[in-house]
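Asks: Following this note's numbering, the numbering of the sequence shown begins with 106 at its first residue and continues without gaps. The structure's right below; bear with me while I get my questions together.
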Amino acid sequence: MFLSTFDIFKIGIGPSSSHTMGPMTAASRFLAELRAMSAAPARLAVSLHGSLAFTGRGHATDRAVILGLIGLLPATLDPDRAEAQEAEVRRSGTVQPPGLPVMTFAPDRDLVFDFGPPLPGHANGLVFRAFDAGDTACLARTYHSIGGGFVVEESELATARTGTQPADCPHPFRTAAGMLDMGKTTGLTIARMKRANEEAVGGPGLDARLDAIRDAMFACIDRGLAKDGILPGGLKVRRRARAIHQQLLAEKGRNTSQPHVANDWLSVYAMAVNEENAAGGRVVTSPTNGAAGVVPAVLRYYRDHCIGSTLDGERDFLLVAAAIGGLIKHNASISGAEVGCQGEVGSAAAMAAAGLCAALGGSNEQVENAAEIALEHHLGMTCDPAAGLVQVPCIERNGLGAIKAVSAASLALRGDGTHFLPLDNCIETMRQTGQDMNQRYKETSTGGIAVNLPEC
């Protein structure tokens, strides 16, 4: 099984990889089919189903669809222009993407939030329809946003779950046990095996692409540390990362900080990312937007706080984190709408723990142990965002996920890699737990924290 590092880590925009980036990408795919038709349609309509309907407004899914239908993509759009571009479509009731004529699309009428049962196949479904001048349907496509910005058409769901294997991938592994066995056979670290796979499938320039992902992560941290104010959405959540960061900087050199101040640094890095994400800024899926702060925070912690950090260590960190993320996605899920937040922050913590353990010189067995420890202690975590916004409890939850990741890596490095519960079994436990979890706790905002808010 091969899932590229650059599929796990994708540059995009907030607040959600599944509810913002995914629907925008689905719109782009639909437009590509429209361009191939002999006659252009006159009107478009979109319906949102399952979690996309229940929390779509809080996750800006309507904006994502609108921007996607004017031809924009998550990786390249300008977040600062998004609000004005959305407003223009709502004002005119039309869209005109490149390569197509003006088409009617009035969001108040043509973008439907369907609060009925989710579509078969996945909790995040959306249907695009095109109509000719006589208002007869001429094309319809159903897509599923399966987490982390990944989008599949209805017919592609089965392949998405089983995965594909490029013929030239030298070290294919579908399980953590297979990964460890392959390491023993080849004598290679997980990072070396993942590097060989990436270079065989993606060609030269791997280090430059890894560095670009790292730079985008760190730029997001820096933006979050520089901004304050109130986050959008109506909850009136105030940004806190900048103020906490200033306190930490002021304490440096005073010998007044408690030993656990390292946790505050981890938290502030993660919170900076997720405040940016909540504001619709540019982030990197890690493996999702809702969990986008954990991996960057631990990577920044490695670079700025760990003894002996190196550039090669940063690259190994990302490669190993992506390898673990790929295993979790392939064998369970990274979608909060499918398995709860254990699949988002839990997966991110496992990835970060593995990456840090590898960067600090851990063996393959210690890396697998680190990932298992981090994931095990997120099992059962629900996805219950207040008002459907990726703010409460998501921002702080990323900080705690980063702390757990570092603790897991440290514990694993103190041992020899032998442990009771294999990572594969932990991943399967997460899958089963998500399958059994009540739908109210899977990104619908109909249970948990989302319905136990103080009266305002």
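Just so you know, even glycine gets a beta-carbon here, dropped at the ideal spot from N, CA and C.
Cβ of Gly329 within 7 Å of Cβ of Val378?
Replies: As a first step, residue 329 must be located in the sequence shown, where it is residue number 224. As a first step, residue 378 must be located in the sequence shown, where it is residue number 273. A contact, by the Cβ cut-off of 7 Å.
Asks: Helix, strand or coil, according to DSSP, for Thr294 in the structure here?
Replies: To locate residue 294, count along the sequence shown from 1; it is residue 189. Thr294: coil per DSSP, three-state reduction.
Asks: Would you say the region 452-459 touches the region 484-495, given that touching needs at least three Cβ pairs under 8 Å?
Replies: No, the region 452-459 does not touch the region 484-495.
Asks: Is the Cβ-Cβ distance between Phe107 and Pro271 less than 7 Å?
Replies: Counting from 1 along the sequence shown, the entry for residue 107 is found at position 2. Counting from 1 along the sequence shown, the entry for residue 271 is found at position 166. A contact, by the Cβ cut-off of 7 Å.
Asks: For Thr125, which option in Pro184, Gly339 and Gly445 has the closest C-alpha, if you only look at C-alpha atoms?
Replies: As a first step, residue 125 is located in the sequence shown; it is residue number 20 there, counting from the start. That would be Pro184, whose Cα lies nearest to the Cα of Thr125.
Asks: Using a Cβ-Cβ cutoff of less than 8 Å, which residues in the same chain neighbour Gly288 once the five nearest sequence positions on both sides are dropped?
Replies: As a first step, residue 288 is located in the sequence shown; it is residue number 183 there, counting from the start. Closer than 8 Å at the Cβ level, and outside the excluded window around Gly288, lie Thr294, Ile295, Met298 and Asn469.
Asks: What does the Cβ neighbour count give for Gln66, buried or exposed, with the cut at 16 atoms within 10 Å?
Replies: For residue 66 there is no data in the structure shown, the boundaries of the chain being 106 and 561.
Asks: Let me confirm a value: Ala402 is counted as buried when at least 16 other C-beta atoms fall within 10 Å, else exposed. Which label applies?
Replies: Residue 402 sits at position 297 when you count from the first residue of the sequence shown. The residue in question, Ala402, is buried, as its Cβ has 16 or more Cβ neighbours within 10 Å.
Asks: So Pro527 and Glu449 are in contact, right, with Cβ under 8 Å, and what is the actual spacing, rounded?
Replies: Start at 1 with the first residue of the sequence shown, and residue 527 comes out as number 422. Start at 1 with the first residue of the sequence shown, and residue 449 comes out as number 344. Pro527 to Glu449, Cβ: 22 Å. No contact.
Asks: Report buried or exposed for His410, applying the criterion of at least 16 other Cβ atoms within 10 angstroms of its Cβ.
Replies: As a position in the sequence shown, residue 410 is number 305, starting the count at 1. Exposed, by the Cβ-count rule.
Asks: Check whether the Cβ atoms of Ile532 and Ala437 sit closer than 7 Å, and answer yes or no.
Replies: Looking up residue 532 in the sequence shown gives position 427. Looking up residue 437 in the sequence shown gives position 332. Yes.
Asks: Using a 10 Å radius around the Cβ and a threshold of 16 neighbouring Cβ atoms, would you call Leu404 buried or exposed?
Replies: Here residue 404 is taken as the residue at index 299 of the sequence shown, counted from 1. Leu404 should be labelled buried.
Asks: Quick test of your reading: Pro223 and His154, contact by CB under 8 Å. State the CB separation rounded to the nearest angstrom.
Replies: For the purposes of this step, residue 223 is taken as residue 118 along the sequence shown, with counting starting at 1. For the purposes of this step, residue 154 is taken as residue 49 along the sequence shown, with counting starting at 1. About 6 Å separates the two Cβ atoms, so the contact holds.
Asks: Counting along the chain, where does the beta strand (DSSP E) carrying Ser152 start and finish?
Replies: Here residue 152 refers to the residue found at position 47 when the sequence shown is read from its first residue. Run containing Ser152: Arg148 to Gly155, per the beta strand (DSSP E) assignment.
Asks: Taking all protein chains shown into account, decide if Glu419 is buried (16 or more other Cβ within 10 angstroms of its Cβ) or exposed.
Replies: Numbered from its first residue, the sequence shown carries residue 419 at position 314. Classification of Glu419: buried, given that the 10 Å Cβ count is 16 or more.
Asks: State buried or exposed for Thr549, treating a residue as buried only when at least 16 other CB atoms are found within 10 Å of its CB.
Replies: Locating residue 549 in the sequence shown gives position 444, counting from the first residue. Answer is buried; the Cβ neighbour count reaches 16.
Asks: Counting along the chain, where does the alpha helix (DSSP H) carrying Thr280 start and finish?
Replies: The residue you call residue 280 lines up with position 175 of the sequence shown. Element bounds for Thr280: n/a, residue is neither H nor E.
Asks: From Ile508 to Arg195, what distance separates their C-alpha atoms?
Replies: Against the sequence shown, residue 508 aligns to sequence position 403. Against the sequence shown, residue 195 aligns to sequence position 90. If I take the Cα positions, the gap works out to 43 Å.
Asks: Nearest to Asp417 by alpha carbon, out of Pro206, Ala331 and Leu315?
Replies: By one-based count along the sequence shown, residue 417 stands at place 312. Nearest option by C-alpha distance: Leu315.
Asks: Taking Val345 and Met322 to be in contact with their CB atoms under 8 Å, please state how far apart those CB atoms are, rounded to whole angstroms.
Replies: Residue mapping note: residue 345 aligns to position 240 of the sequence shown, counting from 1. Residue mapping note: residue 322 aligns to position 217 of the sequence shown, counting from 1. Rather than Val, the amino acid found at residue 345 in this sequence is Arg. About 20 Å separates the two Cβ atoms, so there is no contact after all.
Asks: Counting along the chain, where does the alpha helix (DSSP H) carrying Phe111 start and finish?
Replies: Residue numbering aside, residue 111 sits at position 6 when the sequence shown is read from its first letter. Looking at the DSSP string, the run of the alpha helix (DSSP H) that includes Phe111 is Thr110 to Ile113.
Asks: Please name the residue or residues paired with Arg343 in a DSSP beta bridge.
Replies: As a working mapping, residue 343 is identified with position 238 in the sequence shown. According to DSSP, which records beta bridges pairwise, Arg343 is partnered with Ile335.
Asks: Quick test of the definition: if touching needs 3 or more C-beta pairs under 8 Å, does the region 127-141 touch the region 510-525?
Replies: Flag = no, the region 127-141 and the region 510-525 do not touch.
Asks: Could you give the distance in angstroms between the alpha-carbon of Ser515 and the alpha-carbon of Asn368?
Replies: Position 410 of the sequence shown, counted from the first residue, corresponds to residue 515. Position 263 of the sequence shown, counted from the first residue, corresponds to residue 368. Distance between the alpha carbons of Ser515 and Asn368: 13 Å.
Asks: Round the Cβ separation of Gly395 and Leu423 to the nearest angstrom and send it over; I've been treating them as touching at under 8 Å.
Replies: Your numbering for residue 395 matches position 290 in the sequence shown. Your numbering for residue 423 matches position 318 in the sequence shown. Not really, about 19 Å apart at Cβ, beyond 8 Å.
Asks: With a Cβ-Cβ cutoff of 7 Å, do Pro128 and Val170 count as a contact?
Replies: Mapped onto the sequence shown, residue 128 falls at position 23. Mapped onto the sequence shown, residue 170 falls at position 65. Cβ distance < 7 Å, so Pro128 and Val170 count as in contact.
Asks: In terms of alpha-carbon separation, which member of Thr534, Gly539 and Ala479 lies closest to Ala510?
Replies: The sequence position of residue 510 within the sequence shown is 405, counting from 1. For the residues Thr534, Gly539 and Ala479, the minimum Cα distance to Ala510 belongs to Ala479.
Asks: Near Lys115, which residues of its chain fall below 8 Å by C-beta distance, leaving aside the five closest residues on each side in sequence?
Replies: Start at 1 with the first residue of the sequence shown, and residue 115 comes out as number 10. Ser122, Met126, Pro179, Ala180, Gly253, Gly254, Val389 and Thr390, listed in sequence order.
Asks: Helix, strand or coil, according to DSSP, for Thr181 in the structure here?
Replies: As a first step, residue 181 must be located in the sequence shown, where it is residue number 76. The answer is coil: DSSP assigns Thr181 none of H, G, I, E or B.
Asks: Span of the beta strand (DSSP E) holding Ala245?
Replies: Walking along the sequence shown from the start, residue 245 turns up at place 140. That run of the beta strand (DSSP E) goes Ala242 to Gly252.
Asks: Quick one: Cα of Arg408 to Cα of Arg319, how far?
Replies: Translated into positions along the sequence shown, residue 408 becomes position 303. Translated into positions along the sequence shown, residue 319 becomes position 214. When rounded, the distance between both Cα atoms is 11 Å.
Asks: Assign Ile412 to one of three DSSP states: helix, strand, or coil.
Replies: Mapped onto the sequence shown, residue 412 falls at position 307. In this structure, Ile412 counts as coil in the three-state DSSP scheme.
Asks: Using a threshold of 6 Å, is the CB atom of Val217 nearer than that to any non-hydrogen atom of the ligand SAM?
Replies: Questions concerning the ligand SAM fall outside what the structure shown contains, since it holds no ligand whatsoever.
Asks: Need the endpoints of the beta strand (DSSP E) that Ala235 sits in, please.
Replies: Within the sequence shown, numbered from 1, the residue matching residue 235 stands at position 130. Ala235 -> beta strand (DSSP E) spans Asn229 to Phe236.
Asks: Can you say whether Gln537 is buried or exposed, counting buried as having 16 or more other CB atoms within 10 angstroms of its CB?
Replies: Here residue 537 refers to the residue found at position 432 when the sequence shown is read from its first residue. Result: exposed.
Asks: By the three-class DSSP mapping on this structure, what secondary structure does Cys488 have?
Replies: Counting from 1 along the sequence shown, the entry for residue 488 is found at position 383. Of the three classes helix, strand and coil, the one that applies to Cys488 here is strand, per DSSP.
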